[in-house]
Amino acid sequence: MLCSKCSKEVADGSKFCYNCGAQLAGQATGPATVPVAEVPAKRLRRSSADKKIAGVCAGLADYFDLDPTIVRIVWLLAIFFAGTGFLIYIILWIALPLAPARGAITATPGAPAQV
Ligand SMILES: [Zn+2]
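In the working numbering, the protein residues as written are 10 to 124.
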């Protein structure tokens, strides 16, 4: 084919003329076809790209358009507060003595109460 700028012969399929450097892409292959990324239907599934254990959190984050880290934090908090956290709370509840009511410390007998 011929370069439209310098009218010199260039090989078919060349993107640039090697005589003048003119762009030939439009002439050679027609309009450049940009591959359109297919947008798959939104489905709840585990992420294979961004996963820590099984990709569950990342999958959920993907589905709900959230930050995977946020989902992981919420998930971990839920686990801790529903399981271990709850148990620790019960243990502390039993083990810790009840603090005296407000004012009980200052109102010791013999000492003048300061309000
Ligand atoms: Zn040229």
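Backbone N, C-alpha and C fix where the C-beta goes; we use that ideal spot for every residue, glycine too. Since the structure is predicted, the reported quantities are computational estimates derived from the model, not experimental observations.
TODO: Would you check if the distance between the CB atom of Ala-31 and the CB atom of Ser-16 is smaller than 8 Å?
DONE: Contact: no.
Task: As assigned by DSSP and simplified to three states, the class of Leu-75 - done: In this structure, Leu-75 counts as coil in the three-state DSSP scheme.
Task: Cutoff 8 Å; reference Tyr-27; Cβ partners in own chain excluding five residues on either side - done: So the list reads Val-19, once near-sequence residues are dropped.
- [ ] Report the three-state DSSP secondary structure of Leu-11 (helix, strand or coil).
- [x] Leu-11 falls in the strand class under three-state DSSP.
Open item on the list: Can you tell me whether Lys-14 sits near ligand 1, meaning its C-beta is under 7 Å from at least one heavy atom of the ligand?
Closed with: Yes.
TODO: Assign Asp-74 to buried or exposed, taking buried as 16 or more other Cβ atoms, counted over all protein chains shown, within 10 Å of its Cβ.
DONE: Label assigned to Asp-74: exposed.
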